[in-house]
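Just so you know, we're using this note's numbering here: the sequence shown kicks off at -18 and counts up by one.
The beta-carbon is built from N, C-alpha and C at its ideal position, and this holds for glycine as well.
Here the structure is a predicted model, which means the values were calculated and not measured.
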Amino acid sequence: MFSFSLGEGVELRPLEPWQAEEFAAHIDRVREHIAPWLPFERDITDTESARRFLQGFADSQAKDGPRLYGVHRDGTLVGGGFYRLFEPAEGSCELGLWLDPATQGRGVAARTLSALIDWAVSARGISRVQALVEPENERSLALVKRLGMTYEGTMRSVFPTGGARMDVQVFSVLADEWKARPRP
């Protein structure tokens, strides 16, 4: 199976329908943690709903659209990175990410998004990569800034979550900016 090493025992791998049981159990473990930021957690309540969710991404990826990857540490699913939007014909995509609390603060989020941006820009010729971040999500705001993404503005009342509507801040990086950034 395809996997990409992110170092320190962490790998990025596709999440596929056959992994629904593992994915459902993971979402149960992190549900409370991700609920304020990712509305899909409400839709994944058991193995069958997890399978439908993963099948949706598998079908989308087969059409060269959005795709989902699991972040595994020492073989255990600890989060995910995804292209919520993936439009190669337009040259743009939108990233998303979540990690369980025990995995945060170790550079895994930055390495995951860097790998997703690298692949989109280098392998697929994507010109613009964006991320939408809820204004209260301080960790994600710091992450996109650390990656050199530029704040473009705030979209108000965009997504329903938790009985309310969420504002999001738009950050982006262009392919030329990404390629020219200093490497660690």
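Alpha carbon of residue i to alpha carbon of residue j, nearest angstrom
i	j	result
PRO17	THR142	7 Å
ASP81	GLU115	18 Å
PHE140	PHE34	18 Å
GLN150	MET130	12 Å
PRO20	ASP157	32 Å
ASP40	ILE8	21 Å
GLY167	ALA104	Residue 167 cannot be examined here, being either before or after the span of the chain that is shown, -18 to 165.
TRP100	TYR50	13 Å
Residue burial classification, residue i (beta-carbon count within 10 angstroms, cutoff 16)
i	result
TRP159	buried
PHE152	buried
LEU79	Residue identity differs from the one stated: residue 79 is Trp in this sequence, not Leu. Its Cβ being crowded by 16 or more others within 10 Å, TRP79 is buried.
ASN57	Before going further, note that residue 57 is Thr rather than Asn in the sequence given. Exposed, since its Cβ has fewer than 16 Cβ neighbours within 10 Å.
SER121	buried
PHE38	buried
THR26	exposed
DSSP state of residue i mapped onto helix, strand, coil
i	result
LEU49	strand
ARG162	coil
PHE21	helix
Proximity to residue i [Cα-Cα], best of the options
i	options	result
GLU68	PRO163, GLY106 and ALA96	GLY106
MET147	PRO163, GLU75, ASN118 and VAL154	ASN118
GLY144	ALA31, ARG23 and GLY134	ARG23
ALA83	CYS74, LEU94 and VAL52	VAL52
GLY72	GLY46, GLN36 and LEU(-4)	GLY46
LEU(-13)	THR93, TRP100 and GLN36	THR93
THR28	GLN36, ILE15, ALA5 and ALA43	ALA5
Report the residue ranges of all beta strand (DSSP E) runs contained in full by the segment 56 to 94; include only those spanning at least 3 residues, in chain order.
-> 57 to 68 and 73 to 80
Just list the beta strand (DSSP E) runs in the segment -16 to 44, keeping only unbroken ones of 3 residues or longer that don't cross its boundaries, in chain order.
-> -15 to -12 and -9 to -5
Start-end ranges of the alpha helix (DSSP H) lying completely within the segment 83 to 155, minimum 4 residues = 89 to 99 and 119 to 127
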